[in-house]
Amino acid sequence: MNQHRKKKGLPALSSNPVIEAEARRHTIAMASHQSPFGHDGFSYRSKVITSKVAGVTATAENVAYGSRSAEEVVNGWLKSSGHKKNIEGKYKLTGIGVARDEKSVLYFTQIFAN
């Protein structure tokens, strides 16, 4: 992810523990089928992040499942205009969550913030 951003002349994203916790929580909920795959509850996650991380006023989220690796996920996101827009957005912070479901299918969430 940061390699791609560097190629585009964008600053590297820094991991933030609050954002990471929200991404992880959402990913676990999707993998355990407590929440459908997608962005359900994103407005709540965004409010948590903007209230707990000083200076954050904007957030975005990418989700994926079924890929075998983080590299495969990022490559897929880069082929999607909406996901790519988030990756190349004016964000400084990020958090990533990864979880497996009962069939060992991987789920991914990446939240971006600025």
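Note that UniProt numbering has the sequence shown beginning at 1, numbered continuously upward.
For glycine and all other residues, C-beta sits at the position ideal for the given N, C-alpha and C.
Inset, instruction - List the whole-angstrom C-beta distance separating residue 86 from residue 112, where the pair is believed to meet the contact cut-off of C-beta under 8 Å. - result: Locating residue 86 in the sequence shown gives position 86, counting from the first residue. Locating residue 112 in the sequence shown gives position 112, counting from the first residue. At roughly 5 Å, the Cβ-Cβ gap stays under 8 Å, so residue 86 and residue 112 are in contact.
Inset, instruction - From the DSSP output, in three-state form, read off residue 53 for me. - result: Mapped onto the sequence shown, residue 53 falls at position 53. Residue 53 falls in the coil class under three-state DSSP.
Legend entry - Own chain partners of residue 42 with C-beta closer than 7 Å, once the 5 adjacent residues on each side are dropped: Mapped onto the sequence shown, residue 42 falls at position 42. Within the same chain, residue 42 has close Cβ partners 61.
Inset, instruction - Give the range of the beta strand (DSSP E) segment to which residue 72 is assigned. - result: Within the sequence shown, the letter at position 72 stands for residue 72. Following the DSSP letters along the chain, one finds residue 72 in no beta strand (DSSP E) but inside the alpha helix (DSSP H) bounded by residues 70–78.
Legend entry - Burial state of residue 3, where buried means 16 or more other Cβ atoms lie within 10 Å: Residue numbering aside, residue 3 sits at position 3 when the sequence shown is read from its first letter. Exposed.
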